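**Student:**
Protein chains in written order, with the numbering used here: chain R, 2 to 634; chain F, 414 to 612.
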């Protein structure tokens with residue numbers, strides 16, 4: 002990964018863009034000087050794409066809070082600034098948010114928060130529209146890529162008009178849907194007029210902060226008028242006035258598709274709520290229905306002002322609201338729907354039963370050795386964290402007992418140590434965390450373990466990348482977002498300076514199973530904190546070097562299945578056989594094969610193979626030159 | 414499928430790493446070049462780790478909701494046989510399934526936790542669905558690279574689309590000319606072989 006500034010597509014082009022790509026384009030067009038983010042699905046590609054644009058600064062920050070603070074600092078110089086995060090990122094950044102609402106901003110500052118509606122890759126499903134209410138900030142909600150582009154530009158204008166941060170609320174179905182976008186030209190990059198010292202505004206000690214508070218409410222009132230008059234809140238007439246819909250974001254597209262003849266109030270500037278327009282629609286229709294992803298938020302506010310509305314009494318409070326969900330749950334309001342459903346003869350009413358295909362670790366993933374080793378340990382409670390290594394909870398390892406949030410493995414391991422009773426007395430407590438998660442929010446937890454002398458063994462899996470989101474750079478990579486060399490943090494030194502004794506810090510090659518096992522077994526016996534750092538890069542990064550692949554010598558394979566327990570997806574069971582051992586015990590044998598084209602020769606599987614049936618693959622030529630004329634199949 | 418006034422729904426499915434998303438992107442671009450409105454969506458988050466990938470492509474005069482609902486897909490393009498089985502209920506009555514016979518066995522099957530269906534294509538056929546199955550991966554391997562399978566599959570469905578096979582082929586070859594010129598001709602061959610196999 003080495004993004005070089007590209008020549009951006011010309012103004013007026015009509016391009017197939019994801020919502021993330023469209024936001025990035027608009028951020029660049031808006032003349033932003035500084036953009037910062039921590040990777041997180043579904044928001045990651047916004048900054049990835051911005052790094053390709055010339056003439057602005059972008060960075061991977063160590064966490065979302067820092068990224069928001071970077072954006073605020075830039076704004077104070079008068080520069081336009083931007084930061085992006087996934088929904089849970091704002092939980093981390095909210096400390097900055099809740100006070101920057103008091104100070105306001107100078108240069109336009111837009112925060113894109115991407116909600117993972119439908120759980121594509123997240124630990125929860127939270128509704129970021131609450132932040133607008135909590136922090137008294139305006140929220141814009143695009144319904145597709147074109148709107149994501151337009152509303153990003155509108156958000157900067159709004160931010161400067163009211164000196165306020167603006168939240169651009171995205172969801173997975175905006176971020177990752179591609180559709181046509183007509184793009185424009187870049188404004189001249191805004192000059193940064195310079196920071197004006199003003200302690201009464203920027204130093205939020207109580208005496209200053211409380212004087213800013215009335216301004217926040219006055220601003221919210223002015224924003225309410227702005228939203229009431231905004232063209233982003235559009236009342237679309239319809240011929241079928243039985244039901245009128247109030248909706249926003251991708252749900253708008255679903256409503257339009259499911260009920261093409263219904264009047265719809267499409268909210269683009271959804272907070273402060275344009276109650277005047279909602280009332281206008283309510284007066285025109287028999288029933289008002291609020292369709293919101295995900296929580297009952299707008300509907301409650303509508304009820305509070307005395308307007309009758311339905312919504313979550315009929316619709317689900319989780320997940321997306323695609324047309325089939327809407328039609329199913331609103332059938333009571335549209336009697337013809339139940340008849341239509343009966344008439345449609347679908348070939349299959351439900352899915353055929355097929356095995357699940359959960360995400361797996363890659364062939365030769367350095368985490369495989371760690372989880373194989375952990376799965377061999379007894380009497381261990383394993384506190385996990387957020388990253389590819391969360392997959393260690395799955396088969397065959399079953400070697401991860403908790404996942405809560407970024408960095409939680411550290412504090413939870415300490416708490417489990419301090420809180421344990423007689424039943425857990427003999428349990429060894431292990432925490433597993435990756436390099437990027439450790440640097441994001443784990444360091445503080447480890448400091449707490451060291452300071453409070455917890456009996457915890459920490460496995461710090463340093464694969465030099467943010468793996469689960471697709472391999473972004475972080476301070477452990479040694480490169481920045483542009484692929485340029487950057488200081489590489491020395492994790493062993495960090496750990497030592499946090500207070501872990503040097504003799505209990507080990508840097509281990511995770512492909513050497515005996516070393517890993519011995520180190521882990523010794524350190525769990527030690528009554529105090531220790532850290533084992535694994536030092537092999539993610540196989541999907543440029544730092545990984547593939548070696549000669551292996552194969553199985555079928556005549557030597559005894560079917561013991563030890564190699565299968567490593568969990569490498571390149572190992573396949575070709576045949577199972579039940580045999581009776583001399584002891585009379587029945588065991589099932591699993592004879593294996595290695596998918597040589599997927600194997601990169603890490604050598605993990607041959608270590609538990611007693612009969613030495615795994616050996617380097619004999620190279621075979623597989624490339625055939627096909628005559629240009631083409632043969633008949 | 415020649416009716417240009419309705420939305421065409423194509424569901425492309427497979428396993429992370431097979432090139433499902435690239436294939437659907439090219440389909441989308443070709444539709445756009447012919448004046449259609451188009452949308453493409455997938456849940457990508459953890460798919461690169463060998464999980465299920467499904468990409469929804471919709472094009473027509475105007476596309477609103479990006480996802481294809483169960484029972485509404487015109488074409489199911491499956492890069493893997495069990496994945497065809499997993500998604501075949503998305504087909505509308507009369508829709509067709511284009512299936513690569515490849516079996517990709519996940520670790521949960523290797524571990525003996527679940528069986529791999531002995532004949533996924535037969536299971537789909539039993540549902541009364543029109544299936545065309547062929548060994549697209551063998552063609553790709555014969556041409557030298559299993560990753561060519563997505564181009565083979567695009568060739569296979571190319572005669573069932575509301576634009577000519579040549580247009581789709583041109584898009585694919587052009588994409589490679591820009592990004593990986595050495596592979597452009599090979600992808601052209603893969604497309605033709607897929608097209609021939611589906612006849």
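Note that beta-carbon positions come from the ideal geometry of N, C-alpha and C, so glycine has one too. Computed from a predicted structure; not experimentally measured.
May I ask you to report which of helix, strand or coil DSSP gives residue 599(F)?
**Tutor:** For the purposes of this step, residue 599(F) is identified with residue 186 of the second chain, where counting begins at 1. Correct three-state label for residue 599(F): helix.
**Student:** Name the two residues that bound the continuous alpha helix (DSSP H) containing residue 359(R).
**Tutor:** Here the question's residue 359(R) lines up with position 358 in the first chain. Looking at the DSSP string, residue 359(R) is not in any alpha helix (DSSP H), and its letter there is neither H nor E.
**Student:** Using only alpha-carbon positions, find the residue among 570(R), 587(R), 572(R), 571(R) that is nearest to residue 578(R).
**Tutor:** Your numbering for residue 578(R) matches position 577 in the first chain. Of the listed residues, the one whose Cα sits closest to residue 578(R) is 587(R).
**Student:** I'd like to know whether the C-beta atoms of residue 488(R) and residue 497(R) end up nearer to each other than 8 Å.
**Tutor:** Along the first chain, one-based indexing puts residue 488(R) at 487. Along the first chain, one-based indexing puts residue 497(R) at 496. Not a contact, by the Cβ cut-off of 8 Å.
**Student:** Does the distance from the CB of residue 321(R) to the CB of residue 313(R) come in under 8 Å?
**Tutor:** Counting from one through the first chain, the residue named residue 321(R) turns up at place 320. Counting from one through the first chain, the residue named residue 313(R) turns up at place 312. It is not a contact, given that the beta carbons lie outside the stated cut-off.
**Student:** State yes or no: is the C-beta of residue 271(R) within less than 8 Å of the C-beta of residue 566(R)?
**Tutor:** Here the question's residue 271(R) lines up with position 270 in the first chain. Here the question's residue 566(R) lines up with position 565 in the first chain. Against a cut-off of 8 Å, the Cβ pair of residue 566(R) and residue 271(R) comes out as no contact.
**Student:** Along the region 506 to 529 of chain F, what residues have a CB closer than 9 Å to any CB found in chain A?
**Tutor:** The structure shown has no chain A; the protein chains it does contain are R and F.
**Student:** Looking at chain F, is there any beta carbon in it that lies within less than 8 Å of the beta carbon of residue 640(R)?
**Tutor:** Residue coverage of chain R in this structure runs from 2 to 634, which leaves residue 640(R) outside it and unanswerable.
**Student:** Can you check DSSP and say which residues form a bridge with residue 510(F)?
**Tutor:** Taking the second chain and counting its residues from 1, the one referred to as residue 510(F) is at position 97. DSSP, once it has assigned bridges, lists 489(F), 544(F) as partnering residue 510(F).
**Student:** Which term fits residue 415(F), buried or exposed, when burial requires 16 or more other beta carbons within 10 angstroms of its beta carbon?
**Tutor:** Your numbering for residue 415(F) matches position 2 in the second chain. Annotation note: pLDDT 42 at residue 415(F) (below 50); position unreliable, coordinate value reported separately. Burial call: exposed.
**Student:** What in chain R is Cβ-close to residue 440(F), meaning under 9 Å?
**Tutor:** In the second chain, residue 440(F) corresponds to position 27, counting from 1. None at all; the shortest Cβ gap to chain R is about 11 Å.
**Student:** Quick one: what does DSSP say residue 490(R) is sitting in, helix, strand or coil?
**Tutor:** On the first chain, position 489 is the one that residue 490(R) refers to. In the structure shown, residue 490(R) sits in coil (DSSP, three-state: anything other than H, G, I, E or B).
**Student:** Sort 99(R), 151(R), 110(R), 87(R) by Cα distance to residue 124(R) and report the nearest one.
**Tutor:** In the first chain, the residue the question calls residue 124(R) occupies position 123. Minimum Cα distance to residue 124(R) is reached at 87(R).
**Student:** For the beta strand (DSSP E) holding residue 266(R), just list the boundary residues, first then last.
**Tutor:** What you label residue 266(R) is simply residue 265 of the first chain in a count that begins at 1. It spans 265 to 268 - the beta strand (DSSP E) in which residue 266(R) sits, taken as one unbroken run.
**Student:** Consider the Cβ of residue 445(F): report whether some Cβ of chain R lies at a distance smaller than 8 Å.
**Tutor:** Here residue 445(F) corresponds to residue number 32 of the second chain, with the count starting at 1. Chain R contact via Cβ: present.
**Student:** With a CB to CB cut of under 6 Å and the five nearest residues on each side skipped, what residues in its chain are close to residue 418(R)?
**Tutor:** Here residue 418(R) refers to the residue found at position 417 of the first chain. These residues qualify, in order along the chain: 430, 455, 456, 457.
**Student:** Reducing DSSP to helix, strand and coil, say where residue 375(R) ends up.
**Tutor:** Residue numbering aside, residue 375(R) sits at position 374 when the first chain is read from its first letter. Three-state result, residue 375(R): helix.
**Student:** When DSSP labels each residue in this structure, what does residue 398(R) get in the three-state scheme?
**Tutor:** As a first step, residue 398(R) is located in the first chain; it is residue number 397 there, counting from the start. Correct three-state label for residue 398(R): coil.
**Student:** With 8 Å set as the bound, which would you pick, yes or no: does the beta-carbon of residue 375(R) sit closer than that to a beta-carbon of chain F?
**Tutor:** Numbered from its first residue, the first chain carries residue 375(R) at position 374. Closer than 8 Å: no.
**Student:** Using the C-alpha atoms, what's the distance from residue 306(R) back to residue 420(F)?
**Tutor:** As a first step, residue 420(F) must be located in the second chain, where it is residue number 7. As a first step, residue 306(R) must be located in the first chain, where it is residue number 305. One C-alpha to the other measures close to 41 Å.
**Student:** Rounding to the nearest angstrom, what Cα-Cα distance links residue 264(R) and residue 303(R) in this structure?
**Tutor:** On the first chain, position 263 is the one that residue 264(R) refers to. On the first chain, position 302 is the one that residue 303(R) refers to. For residue 264(R) and residue 303(R), the distance between alpha carbons rounds to 17 Å.
**Student:** Comparing the C-beta of residue 477(F) with each C-beta of chain R, is any distance below 8 Å?
**Tutor:** Here residue 477(F) refers to the residue found at position 64 when the second chain is read from its first residue. Residue 477(F) counts as touching chain R.
**Student:** Below 9 Å on C-beta distance, what does residue 428(F) contact in chain R?
**Tutor:** To locate residue 428(F), count along the second chain from 1; it is residue 15. Going along chain R in sequence order, the residues near residue 428(F) (Cβ under 9 Å) are 358.
**Student:** Do you know offhand how far residue 473(R)'s Cα is from residue 601(F)'s?
**Tutor:** Sequence index remark: in the first chain, residue 473(R) carries index 472 (1-based). Sequence index remark: in the second chain, residue 601(F) carries index 188 (1-based). Straight-line Cα distance between these residues: approximately 33 Å.
**Student:** Determine which residues of the region 557 to 586 of chain F have a Cβ less than 9 Å from any Cβ of chain R, and write them out in chain order.
**Tutor:** So the list reads 557, 558, 559, given in the order they occur along the chain.
**Student:** Look up residue 382(R) in the DSSP assignment and say whether it is helix, strand or coil.
**Tutor:** If you number the first chain from 1, residue 382(R) lands on position 381. Here residue 382(R) sits in strand by DSSP.
**Student:** Report yes if the CB atom of residue 517(R) is closer than 8 Å to the CB atom of residue 374(R), and no otherwise.
**Tutor:** Locating residue 517(R) in the first chain gives position 516, counting from the first residue. Locating residue 374(R) in the first chain gives position 373, counting from the first residue. Their beta carbons are under 8 Å apart, which means residue 517(R) touches residue 374(R) by this criterion.
**Student:** List, in chain order, every chain R residue whose beta-carbon is nearer than 7 Å to that of residue 421(F).
**Tutor:** Numbered from 1 along the second chain, position 8 holds the residue referred to as residue 421(F). Near residue 421(F) there are no residues of chain R at all, since even the closest Cβ is about 15 Å away, more than 7 Å.
**Student:** Name, please, each residue of chain R whose Cβ falls closer than 8 Å to the Cβ of residue 453(F).
**Tutor:** Counting from 1 along the second chain, the entry for residue 453(F) is found at position 40. Per Cβ cutoff of 8 Å: 17, 178, 179, 180.
**Student:** Select from the region 247 to 261 of chain R all residues with a C-beta closer than 7 Å to any C-beta belonging to chain F, and list them in chain order.
**Tutor:** Under the 7 Å Cβ criterion, the region 247 to 261 of chain R contributes 254, 255, 257, 258.
**Student:** Comparing the C-beta of residue 502(F) with each C-beta of chain R, is any distance below 8 Å?
**Tutor:** By 1-based counting over the second chain, the position of residue 502(F) is 89. Chain R, which has a Cβ nearer than 8 Å to the Cβ of residue 502(F), makes this yes.
**Student:** Could you tell me the alpha carbon to alpha carbon distance between residue 467(F) and residue 460(R), rounded to whole angstroms?
**Tutor:** Here residue 467(F) corresponds to residue number 54 of the second chain, with the count starting at 1. Here residue 460(R) corresponds to residue number 459 of the first chain, with the count starting at 1. Looking at the two C-alpha atoms, the distance is approximately 35 Å.
**Student:** Only counting runs of 4 or more residues, tell me where the alpha helix (DSSP H) segments fall wholly within the region 73 to 141 of chain R, in order along the chain.
**Tutor:** DSSP runs (the alpha helix (DSSP H)) wholly in the region 73 to 141 of chain R: 88 to 104, 130 to 136.
**Student:** So what's residue 579(R) in DSSP terms, helix, strand or just coil?
**Tutor:** By one-based count along the first chain, residue 579(R) stands at place 578. Of the three classes helix, strand and coil, the one that applies to residue 579(R) here is strand, per DSSP.
**Student:** Considering only residues of the region 382 to 469 of chain R, which uninterrupted beta strand (DSSP E) runs meet the minimum length of 3 residues and lie entirely inside it, listed in chain order?
**Tutor:** Listed in chain order, they are 429 to 435, 458 to 462.
**Student:** Please work out which residues of its chain come closer than 6 Å, Cβ to Cβ, to residue 414(R), disregarding the five sequence neighbours upstream and downstream, and give them in chain order.
**Tutor:** Reading the first chain from its first residue, position 413 is the one you call residue 414(R). Excluding residues within five positions, the ones whose Cβ falls inside 6 Å are 384, 430, 432, 457.
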